[in-house]
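If you count the sequence shown from 1, position 70 lands on 70 in full-length UniProt numbering, and the numbers rise without skipping. C-beta atoms are modelled at their ideal positions from N, C-alpha and C, and glycine is treated no differently.
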Amino acid sequence: MAGFSLMHWVIVALVILVLFGRGKISETMGDFGKGIKSFRKGLTEEESAPVTKPAQIAQINDEKTQGVPVDTATRSTNS
């Protein structure tokens, strides 16, 4: 049993086709291809996104919190 012959691989291929069917295999490969395309699209979007510096992030956070009332009920003044 040094290796598999061509006849062994043909039998394995036939068993796989009988179990899964031709349609399921092609659907699976189509889904696999869509996944790869989506992954590549995500990578290119990530690379083209502008890099935000920490100072810009702090400024954005300050702008978001301006005008927001502070909840005084959670603060304890009777320490």
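Straight-line gap, residue i to residue j (C-alpha atoms, nearest Å)
i, j, result
"V10", "E45", "43 angstroms"
"G42", "A13", "35 angstroms"
"residue 122", "S48", "Only positions 1 to 79 of the chain appear in the structure, and residue 122 is not among them; the question remains open."
"R40", "T28", "19 angstroms"
Helix, strand or coil at residue i [DSSP, three-state]
i, result
"G30", "helix"
"G35", "helix"
"F20", "helix"
"residue 84", "Outside the shown range of the chain, which is 1 to 79, sits residue 84, and nothing can be said about it."
"S79", "Its pLDDT being 48, under 50, S79 is placed unreliably by the model, and the measurement read from it follows with that caveat. Coil, per DSSP."
"A13", "helix"
"L43", "helix"
Neighbour flag for residue i against chain B, beta carbons, 9 angstroms
i, result
"F32", "Note that chain B does not occur in the displayed structure, where there is just one protein chain."
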